[in-house]
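The opening position of the sequence shown corresponds to residue 370 in my numbering, with each subsequent residue numbered one higher.
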Amino acid sequence: MGPEHWLMSKLAVSPATLTQPWMWWQFLTAGFAHDPNSLNHILGNMFGLWVFGTVIEQVRGRREFLRFYLVAIVLGNVCFAARQFLFVPEQAWAEALGASGGVTAVIVLFVCMFPKQTLLLFFVLPVPAWLVGLLIIGMDVLGSLRPLPGQV
């Protein structure tokens, strides 16, 4: 990110955050900041959080939902930072912003709670929630197998 986005850079998490305990707050703040150049990303995250999170909040309660969501954001960002730290050369490290880890966790929790619920894939195709869960997990696994920046 350039100097015009200095605040986003301060809120973002990076692999270096793992080795700087005084910066561990970034594991949480990164989940509440988004790349200002990626409006579709934040809109997609917030739509998913609204659709699936509303149901979970009604079933589990506001406090339990908030606790789950915040822990999911932190764990998602810790996993991002650890993967980069372990497998990417330091000069190619990247920063992360966004709520994708927390939102994905909310969707997977919804799928586990309501596996037979019918969802409209692409707003058209009716499929059971468990299939959507498999697709999300499959996409995450495939994404984790992609070469990381700095890898040949």
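Where is the CB? At the ideal position from N, CA and C, for every residue including glycine.
Anyone know if the C-beta pair for His403 and Gly467 falls short of 8 Å? For this step, residue 403 is matched to residue 34 along the sequence shown. For this step, residue 467 is matched to residue 98 along the sequence shown. Contact flag set, yes.
Short check: CB of Ala450 to CB of Thr386, under 8 Å? Translated into the one-based positions of the sequence shown, residue 450 becomes position 81. Translated into the one-based positions of the sequence shown, residue 386 becomes position 17. Against a cut-off of 8 Å, the Cβ pair of Thr386 and Ala450 comes out as a contact.
Return the CA-CA distance between Ala506 and Trp391, expressed in angstroms with no decimal places. Within the sequence shown, numbered from 1, the residue matching residue 506 stands at position 137. Within the sequence shown, numbered from 1, the residue matching residue 391 stands at position 22. Note that residue 506 is Ile in the sequence shown here, rather than Ala. Each residue's alpha carbon lies about 32 Å from the other.
For Leu397, report the span of its alpha helix (DSSP H) as first-last. Taking the first residue of the sequence shown as position 1, residue 397 is located at position 28. Note, Leu397: alpha helix (DSSP H), Gln395 to Thr398.
Tell me which residues share the same chain as Ala465 and place their Cβ nearer than 8 Å to its Cβ, disregarding the 5 neighbours each side in the sequence. Counted from its first residue, the sequence shown places residue 465 at position 96. Residues Ala381, Val382, Ser383, Ala399, Asn446, Phe449 and Ala450 of the same chain have their beta carbon placed closer than 8 Å to that of Ala465, with the five preceding and five following residues left out of the count.
Cβ neighbours of Pro372 in the same chain (closer than 6 Å, five flanking residues each side left out): By 1-based counting over the sequence shown, the position of residue 372 is 3. Confidence at Pro372 is low in this model, with a pLDDT of 48, below 50, so its placement is unreliable and the value that follows should be read with caution. The same chain holds no residue with a CB closer than 6 Å to that of Pro372 once the five nearest residues on each side in sequence are set aside.
Kindly indicate the opening and closing residues of the alpha helix (DSSP H) around Thr423. Residue numbering aside, residue 423 sits at position 54 when the sequence shown is read from its first letter. Note, Thr423: alpha helix (DSSP H), Leu408 to Arg429.
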